[in-house]
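With the working numbering applied, the sequence shown corresponds to residues 10 to 729, in that order.
Yeah, the Cβ is synthetic: ideal placement off N, Cα and C, and Gly gets one too.
The model shown is predicted, which means the values in this text are computed figures rather than measured ones.
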Amino acid sequence: MAKEEGPPVGLRQRKKPKSSESQRSAKEEKINDTPIPERTPKHILFQRFAKIFIGCLAAVTSGMMYALYLSAYHERKFWFSNRQELEREITFKGDSAIYYSYYKDMLKAPSFERGVYELTHNNKTVSLKTINAVQQMSLYPELIASVLYQATGSNEIIEPVYFYIGIVFGLQGIYVTALFVTSWLMSGTWLAGILTVAWFIINRVDTTRIEYSIPLRENWALPYFACQVAALTGYLKSNLNTYSERFCYLLMSASTYTFMMMWEYSHYLLFLQAISLFLLDIISMEQSDKVYEVYKIYIFSLFVGYLLQFENPALLVSPLLSLVAALMLTKCLQLNVKKATCIAKMMKVINFYLVCSLALTLNVIMKMFITHKENGHMLKFLEVKFGLNMSKNFTMNWLLCQESLQAPSEDFFLRLTRSSLLPFYILVLIICLLSMIQVYFNGMSLKETLTLEDGRIGERPEIIYHVIHTILLGSLAMVIEGLKYIWTPYVCMLAAFGVCSPELWMTVFKWLRLRSIHPVLLALFLSMVVPTIIGLNLWKEFFPRLMTELTELQEFYDPDTVELMTWIKRQAPVAAVFAGSPQLMGAIKLCTGWMVTSLPLYNDDDLLKRNENIYQIYSKRPAEDIYKILTSYKANYLIVEDSICNEMGTMSGCRVKDLLDVANGHVVCEEGDRLTYSKYGRFCHEVKINYSPYVNYFTRVYWNRSYFVYKINTVISFQS
10 MAKEEGPPVG LRQRKKPKSS ESQRSAKEEK INDTPIPERT PKHILFQRFA KIFIGCLAAV
70 TSGMMYALYL SAYHERKFWF SNRQELEREI TFKGDSAIYY SYYKDMLKAP SFERGVYELT
130 HNNKTVSLKT INAVQQMSLY PELIASVLYQ ATGSNEIIEP VYFYIGIVFG LQGIYVTALF
190 VTSWLMSGTW LAGILTVAWF IINRVDTTRI EYSIPLRENW ALPYFACQVA ALTGYLKSNL
250 NTYSERFCYL LMSASTYTFM MMWEYSHYLL FLQAISLFLL DIISMEQSDK VYEVYKIYIF
310 SLFVGYLLQF ENPALLVSPL LSLVAALMLT KCLQLNVKKA TCIAKMMKVI NFYLVCSLAL
370 TLNVIMKMFI THKENGHMLK FLEVKFGLNM SKNFTMNWLL CQESLQAPSE DFFLRLTRSS
430 LLPFYILVLI ICLLSMIQVY FNGMSLKETL TLEDGRIGER PEIIYHVIHT ILLGSLAMVI
490 EGLKYIWTPY VCMLAAFGVC SPELWMTVFK WLRLRSIHPV LLALFLSMVV PTIIGLNLWK
550 EFFPRLMTEL TELQEFYDPD TVELMTWIKR QAPVAAVFAG SPQLMGAIKL CTGWMVTSLP
610 LYNDDDLLKR NENIYQIYSK RPAEDIYKIL TSYKANYLIV EDSICNEMGT MSGCRVKDLL
670 DVANGHVVCE EGDRLTYSKY GRFCHEVKIN YSPYVNYFTR VYWNRSYFVY KINTVISFQS
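See below:
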């Protein structure tokens, strides 16, 4: 009997062990049940290492070659090294001249602290106005460049202008490298990265503005955004180990914050990215926790950016903050329903409605309690742009006439089609969209990791994100052409990924139910052959053109502007204030350092009003009105540009003088308008004749073929 009772006693003891013993035994059972993975053969490890090494080498080489190409092209275009300093500075146009002028001011400052103080309390740029130039113009790139230039001892090796543009060209190399890595991560082959870079360079007229305006904020900022997108792509991948995930998270955090500091409009682009991640979370809840980790990065970046950007209210009232706050709040209320049931889909719809309503409510509340004037003119512009409002305001109509703010022209689509980029992008986008729809309605795969044979490209979280993001960017680029410089690089990346991805080909073969040929082998074959054929065709057609651009020596020739700047530096008093078009005022600030009445900046209501008032010199207004406007800004000299006064614009009604006539009521714009007849001629024409009353207020002191400079009389002498 004792032997028969033994086993039950033993069972009772194993049913109620101590908690620590229970955990230990559970771990031992798990370890015993888990199959010991076989060691990867050395030749496979060597192949993986070789693939990663060659890919990284190709990515870095592509970035370096592109940076060197930009430097060589810039040298050939302007013959930069053979120019005097004044002629080099004239190549910086519009707002680019302002940015570079503050870089020069930082180098001239006795100390970094003193230079920063003078920029944050700047009263030497615009007359009767003290501005915080660092906050208003996002001058953190110039602060960093000036520190690096002096800290590295580069002042003994290289001129400041070469150091400055060299940093920007280097960042463009990083931009290309980041796009390379993103397409590599998505497709699994570095061949996609090479094709991305090829399409990017060939279509560089539509992918970057670096050739036309080097110091633009977007040229400093977008490389960091590309790094953030590359890190986000890796972070969203399902089969990521802990160390790689941590690295991607840290890189994403650093690049997100840096991007926000470099560009004042960065939070709008991050807002679109947040929408893409929100829709990804709705479609595929696999990476829900990772998506909310990205939201935390947004919150942290906005908070630190708000503090370091002098408590910038634009960040507090930004749609990004309202959306992320709404998403974080709704997560606390969200039910844990992840199965592909009708209840789960209903919950997603309710969640979507709740997030949108809460985000809009939060944004309205924030704007009610926070005083903000940042970018208020942008909303008015969008109203007029989409026909929600009509305006005869000069500034609004002038912005609408800018080429970068209009819808893309047919030439844009023709250029992308000639390089074969647009057809392949549309094809890849359609396949990915159809696969996403199939996955959404048929449910996610039960397998933890998808294989090539599955052919479900639309189930991968990083693919879903990129498809949504590129659709959002593309929709905006179809309305405003200037946004094509953000959208087109990702068109290159997505098209290259699709062409080089065996998984995308396999998805198509699954739909076609291909059986005659082994679909996996065919997918692998096409993913190598098709991009190779595309690359050879691009090389044959476009490579000679790129080489021709580097061999042709162009010459930048603008003697009239050089003569004007030389006269100002030699003849004008140091305390003089100049008035004229904003673009010319930027060049005067850079080349001479003299004070001006306006700047080519469009994020400040006061500066926009100043620009409109100064532009009245090209309207049909009396000399007395122009004199009152100029003296109200303490201007001493007026510069009339012949190119604006006698402008023969190709776009109907978009000449400066036409827009002024509409704003002043001197022409009939629409049926029913009231015409205010002007008995005065156009001021810029009449003042050149030198007769009363114009000669009473203005005295011509200098002129050449392009510019007429008038001294504004302090004591009016009326002549007959």
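Is any beta-carbon of chain C found at less than 9 Å from that of residue i?
i, result
"V238", "Here chain C cannot be found, since the structure has a single protein chain."
Which of the three DSSP states, helix, strand or coil, is assigned to residue i?
i, result
"E490", "helix"
"A59", "helix"
"N620", "helix"
"Y719", "strand"
"W272", "coil"
"R709", "strand"
"R714", "coil"
"N612", "coil"
"F587", "strand"
"V605", "strand"
"V8", "Because the chain is modelled from 10 through 729, residue 8 falls outside the range shown and cannot be assessed."
"I473", "helix"
"I359", "helix"
Starting from residue i and walking both ways along the beta strand (DSSP E), at which residues does that stretch end?
i, result
"A235", "No beta strand (DSSP E) holds A235; the alpha helix (DSSP H) holding it covers 226-245."
"F280", "Element bounds for F280: not the beta strand (DSSP E) but the alpha helix (DSSP H), 275-292."
"K102", "Here K102 belongs to no beta strand (DSSP E), and DSSP marks it neither H nor E."
"K688", "No beta strand (DSSP E) contains K688, which DSSP labels as neither H nor E."
"A323", "No beta strand (DSSP E) contains A323, which is instead part of the alpha helix (DSSP H) from 322-325."
"I648", "646-650"
"F189", "Taken as a continuous stretch (DSSP letters only), F189 belongs to no beta strand (DSSP E), being part of the alpha helix (DSSP H) at 169-196."
Quick check: what's the CA-CA separation for residue i versus residue j?
i, j, result
"V517", "L325", "46 Å"
"P417", "K578", "42 Å"
"W712", "K697", "10 Å"
"V605", "W496", "36 Å"
"V346", "S262", "Unreliable positioning characterises V346 in this predicted model, as indicated by a pLDDT of 48, which lies under 50. The coordinate reading is nonetheless provided below. Using only the alpha carbons, I get a separation of about 30 Å."
"S264", "L279", "12 Å"
"N91", "N655", "33 Å"
"R427", "C236", "29 Å"
"I721", "E633", "12 Å"
"D114", "F319", "21 Å"
"F361", "S196", "31 Å"
"L259", "V303", "11 Å"
"R691", "M270", "44 Å"
"L409", "E490", "12 Å"
"V135", "S607", "6 Å"
"E273", "M355", "38 Å"
"A9", "L329", "Because the chain here runs from 10 to 729, residue 9 falls outside it and cannot be looked at."
"L336", "V364", "6 Å"
"Y642", "Y307", "42 Å"
"V177", "K688", "51 Å"
"L669", "Y636", "17 Å"
"T575", "S105", "20 Å"
"E419", "F433", "18 Å"
Please confirm whether residue i and residue j have their CB atoms less than 9 Å apart.
i, j, result
"A201", "S510", "yes"
"Y719", "I648", "yes"
"G182", "G72", "yes"
"E232", "P150", "Correcting the residue identity first, residue 232 is Pro in this sequence and not Glu. Cβ distance not < 9 Å, so P232 and P150 don't count as in contact."
"L316", "H276", "no"
"Q625", "P609", "no"
"F209", "L180", "no"
"A239", "T191", "yes"
"V170", "E84", "no"
"T205", "A505", "yes"
"G175", "G595", "no"
"E98", "C600", "yes"
"S701", "D651", "no"
"Q733", "N321", "What is shown of the chain runs 10 to 729, which leaves residue 733 out entirely."
Tell me where the alpha helix (DSSP H) around residue i begins and ends.
i, result
"L340", "The question names Leu, but residue 340 is Lys in the sequence shown. That run of the alpha helix (DSSP H) goes 328-342."
"R213", "213-216"
"A672", "665-673"
"Y126", "121-129"
"F450", "430-451"
"R630", "Run containing R630: none; DSSP gives neither H nor E here."
_Quick test of the definition: if touching needs 3 or more C-beta pairs under 8 Å, does the region 238-248 touch the region 206-214?_
Result no; under three Cβ-Cβ pairs closer than 8 Å.
_Inter-stretch contact (C-beta, 8 Å, three-pair minimum) for the region 117-128 and the region 140-160_ = Taking 8 Å as the limit for Cβ pairs, the verdict is that the region 140-160 does touch the region 117-128.
*Per the contact definition of three or more C-beta pairs closer than 8 Å, is the region 551-562 in contact with the region 612-625?*
The region 612-625, when compared against the region 551-562, does not touch it at the 8 Å Cβ threshold.
*Is it true that the region 536-548 meets the region 194-208, where meeting means three or more beta-carbon pairs spaced less than 8 Å apart?*
Contact between the region 536-548 and the region 194-208 is present, because at least three Cβ pairs lie under 8 Å.
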